[in-house]
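Asks: Residue numbers (my numbering): 57 to 493. I am attaching a structure below and will ask some questions about it afterwards.
Pasting the structure below:
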């Protein structure tokens, strides 16, 4: 582009989110141009399905299946990548950056696995790789973290990052539904995919918390570094017992930095005190809570998915690039947190110390509870509170909350207890408790 009156945009991926971007540019393009001083001009769209009808107004002549042509078009200033998945998206983004094009992406899986290399390439080529939409949809938490929270040493970042799981857990909490029924309702309402594995097994949340942890701690933390447990083993019984104990269960992404600089990044169902702000986030909404040494705890809340909120985040990145182009690519480097390419120090999950919720299904016999208590004590696990439900015919459920304990000690104790002939090892569960959020 020879003038700074507009930037030319190429869009790869014309699905639900891509359609949202086209509609946002159509509906709010004049407002964006007025605010940034540059017109955002969509000139090419690449998608393998050129025949499908989209709920958007666009010139059919700009749509083709020619991704290579888009990437090599010298008139394109910015490439928006909305394919999803790691490949071929990573290759396309790499090509765009090598060709000197700015890139905007919502691709959390690609960034959580290959972000460090791509950011290094963008810096080498002196172009921008922006990703506001990759975590939290329309919640502007990436920009807030990179700019607004920049003076802080980030001690931890915690999030409800998947609307599907949060909807399911909200329904289980509020109506007493079991997991399977809540999942089917989420599918019927369009909140869950036909194959919901990526969401309910915690993988989506793990990609997102890896990105947030990398930004927060200045370490190259990747998806493979995240401990992950999903919500599929949760029952209405555990939701009920947690409520009786004063807790709400949420699927959390948690990243915390120890005093010696080790990061522990994890995803799992978590018991939160009912009065916690994160515990009050309901339905399909998302929230990100950041703990900084200067600001203490601050939380952002909003719609974490959907075509329109995600398109808003993508367009905000386009506007940042437009301002950069308008300045002649000479905008002074601003302070920010950035995904690094350096080393990382990770804490194994076995070294985590926190409180635990334990539920055992055991024979309703004299002496069983004392055997369980003795095993916990032998392994250094101290009981904070306990309740028993039953008997149910010949068995009862024993529910315990421990004092802060090392994960390795919990694992050893639970393995020993599950090996007892009086305990049904397939019907128990171990959940982690977080009380400081």
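Ideal Cβ positions, reconstructed from N, Cα and C, are used throughout, including at glycine.
Only counting the same chain, and skipping five residues up and downstream in sequence, which positions put a Cβ closer than 7 angstroms to that of residue 89?
Replies: Along the chain shown, read from residue 1 onward, the residue named residue 89 stands at position 33. For residue 89, where only same-chain residues beyond five positions count, the Cβ hits under 7 angstroms are 95, 96.
Asks: Roughly how many angstroms separate the alpha carbons of residue 253 and residue 337, rounded to a whole number?
Replies: Working through the chain shown from its first residue, we reach residue 253 at position 197. Working through the chain shown from its first residue, we reach residue 337 at position 281. The alpha-carbon separation between residue 253 and residue 337 amounts to approximately 22 angstroms.
Asks: Would you report the Cα separation of residue 260 and residue 480, rounded to the nearest angstrom?
Replies: Taking the first residue of the chain shown as position 1, residue 260 is located at position 204. Taking the first residue of the chain shown as position 1, residue 480 is located at position 424. Spanning the two alpha carbons is a distance of roughly 32 angstroms.
Asks: With a cut-off of 8 angstroms on the beta carbons, I'd call residue 225 and residue 101 a contact; round off their distance for me.
Replies: Within the chain shown, residue 225 is the residue found at index 169, counting from 1. Within the chain shown, residue 101 is the residue found at index 45, counting from 1. Rounded, the Cβ-Cβ distance is 37 angstroms, inconsistent with contact.
Asks: Buried or exposed for residue 218, please, with buried defined as at least 16 other CB atoms from any protein chain shown within 10 angstroms of its CB.
Replies: For the purposes of this step, residue 218 is taken as residue 162 along the chain shown, with counting starting at 1. It counts as buried.
Asks: Which ranges does the beta strand (DSSP E) cover as unbroken runs of at least 3 residues, wholly within the stretch 319 to 374, from first to last along the chain?
Replies: 319 to 329, 341 to 348, 352 to 359
Asks: Compare the C-alpha of residue 214 against each of 151, 348, 298, 83 and name the closest.
Replies: Counted from its first residue, the chain shown places residue 214 at position 158. Of 151, 348, 298, 83, the residue nearest in Cα terms is 348.
Asks: Taking only runs of the beta strand (DSSP E) that begin and end inside the stretch 434 to 481, which ones reach a length of at least 3 residues, in chain order?
Replies: Listed in chain order, the beta strand (DSSP E) runs fully inside the stretch 434 to 481 are 439 to 448, 451 to 458, counting runs of at least 3 residues.
Asks: So, with DSSP's three-state summary, where would you put residue 494?
Replies: Nothing in the structure corresponds to residue 494, since the chain is present only between 57 and 493.
Asks: State the CB to CB distance for the pair residue 193 and residue 360, rounded to an integer number of angstroms; the pair is presumed to be in contact (CB under 8 angstroms).
Replies: Translated into the one-based positions of the chain shown, residue 193 becomes position 137. Translated into the one-based positions of the chain shown, residue 360 becomes position 304. That pair is a contact at about 4 angstroms.
Asks: Quick check: the Cα distance between residue 363 and residue 79, rounded to an integer number of angstroms?
Replies: Counted from its first residue, the chain shown places residue 363 at position 307. Counted from its first residue, the chain shown places residue 79 at position 23. Taking the straight line joining both Cα atoms gives about 9 angstroms.
Asks: Going by the DSSP bridge assignment, what does residue 413 pair with across the sheet?
Replies: The residue labelled residue 413 in the question sits at position 357 within the chain shown. As DSSP reads the structure, residue 413 sits in a beta bridge with 457, 487.
Asks: For residue 446, which of 487, 293, 335, 318 has the nearest alpha-carbon?
Replies: To locate residue 446, count along the chain shown from 1; it is residue 390. Per the Cα distances, 293.
Asks: I'd like the list of long-range same chain contacts for residue 390, defined as Cβ closer than 8 angstroms, with 5 residues on each side in sequence excluded.
Replies: Stepping through the chain shown from its first residue, residue 390 is reached at position 334. Low local confidence applies: a pLDDT of 48 at residue 390 is under 50, so the model's placement there is unreliable, and no value is given.
Asks: Give the DSSP-derived three-state secondary structure of residue 227 in the structure shown.
Replies: By one-based count along the chain shown, residue 227 stands at place 171. Helix, per DSSP.
Asks: When DSSP labels each residue in this structure, what does residue 211 get in the three-state scheme?
Replies: Start at 1 with the first residue of the chain shown, and residue 211 comes out as number 155. Looking at residue 211 - three-state DSSP - the assignment turns out to be strand.
Asks: Could you say which of 490, 366, 311 lies nearest to residue 403 if we only look at CA atoms?
Replies: In the chain shown, counting from the first residue as 1, residue 403 sits at position 347. Of the candidates 490, 366, 311, the one whose C-alpha sits nearest the C-alpha of residue 403 is 311.
Asks: Check whether the stretch 179 to 189 touches the stretch 277 to 293, taking contact to mean three or more Cβ pairs, one atom from each stretch, closer than 8 angstroms.
Replies: With the cut-off at 8 angstroms, the stretch 179 to 189 and the stretch 277 to 293 do not touch.
Asks: Considering just the uninterrupted stretch of the beta strand (DSSP E) at residue 100, what are its terminal residues?
Replies: Numbered from 1 along the chain shown, position 44 holds the residue referred to as residue 100. Segment 95 to 102, the beta strand (DSSP E) holding residue 100.
Asks: Is residue 406 close to chain B, meaning its C-beta is less than 7 angstroms from at least one C-beta of that chain?
Replies: The structure shown contains no chain B, having only a single protein chain.
Asks: Spatial neighbours of residue 401 within its chain, please: CB distance less than 6 angstroms, with the 5 preceding and 5 following residues excluded, ordered by chain position.
Replies: The residue you call residue 401 lines up with position 345 of the chain shown. Excluding residues within five positions, the ones whose Cβ falls inside 6 angstroms are 317, 318.
Asks: Give me the DSSP bridge partner(s) of residue 283.
Replies: The sequence position of residue 283 within the chain shown is 227, counting from 1. For residue 283, which the question treats as bridged, DSSP gives the partners 322.
Asks: Might you give, ordered along the chain, the residues of its own chain that have their beta carbon closer than 6 angstroms to the beta carbon of residue 232, omitting 5 neighbours on each side?
Replies: Residue 232 sits at position 176 when you count from the first residue of the chain shown. The beta carbon of residue 232 is closer than 6 angstroms to those of 292 in its chain, skipping five residues each way along the sequence.
Asks: Distance check for residue 92 and residue 176, CA to CA, integer angstroms please.
Replies: Your numbering for residue 176 matches position 120 in the chain shown. Your numbering for residue 92 matches position 36 in the chain shown. Straight-line Cα distance between these residues: approximately 27 angstroms.
Asks: Sorted by chain position, which residues of the same chain lie with C-beta nearer than 7 angstroms to residue 419's C-beta, five sequence neighbours on each side aside?
Replies: Here residue 419 corresponds to residue number 363 of the chain shown, with the count starting at 1. Same-chain partners within the cutoff: 450, 451, 478.
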